[in-house]
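Trainee: In terms of full-length UniProt numbering, the sequence shown is residues 1 to 88.
Cβ coordinates follow ideal geometry from the N, Cα and C atoms, glycine included.
Just passing along the structure, written as structure tokens.
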Amino acid sequence: MPEIRRPKLTVIMPVWNERKTVETAVRRIHALPVDKEIIVIDDYSTDGSREILKKLQPELRLKLILHAHNKGKGAAFRMVHPTLKESI
1 MPEIRRPKLT VIMPVWNERK TVETAVRRIH ALPVDKEIIV IDDYSTDGSR
51 EILKKLQPEL RLKLILHAHN KGKGAAFRMV HPTLKESI
């Protein structure tokens, strides 16, 4: 009998100065009962979001990408596409 492959959820989350909400958002996604990868792109936040994400990275197994300067939301999606484990 062929193996049934469970779908995988890939979440791409651009972040820019989201200190007040980023931890709750990432934890809610992590708690979903599905196989998932969470890719967070910090677009050079200056409000502490980056530090929160660095703290959460090992615990929640985040794939964290840190921009060296603000590039915009579109750039975050364009740069992540080649790194996805699953096809779109």
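Considering just the uninterrupted stretch of the alpha helix (DSSP H) at Pro-58, what are its terminal residues?
Mentor: Here the alpha helix (DSSP H) through Pro-58 covers 49 to 60.
Trainee: Going by DSSP in three states, Val-26 sits in which element: helix, strand or coil?
Mentor: Three-state result, Val-26: helix.
Trainee: Can the beta-carbon of Leu-64 be found less than 7 Å from the beta-carbon of Leu-53?
Mentor: Result yes, Cβ atoms of Leu-64 and Leu-53 sit closer than 7 Å.
Trainee: Taking Lys-73 as the reference, give the member of Leu-62, Arg-50, Arg-27 and Tyr-44 with the closest Cα.
Mentor: Looking at the Cα atoms, Tyr-44 is the closest of the given residues.
Trainee: To the nearest angstrom, how far is the alpha carbon of Arg-28 from that of Asn-70?
Mentor: Cα to Cα, the separation comes out at about 26 Å.
Trainee: Assign Arg-50 to buried or exposed, taking buried as 16 or more other Cβ atoms, counted over all protein chains shown, within 10 Å of its Cβ.
Mentor: Buried.
Trainee: Between the Cα of Gly-48 and those of Thr-10, Val-15, Leu-9 and Arg-19, spot the shortest distance and give me the residue it belongs to.
Mentor: Of the listed residues, the one whose Cα sits closest to Gly-48 is Arg-19.
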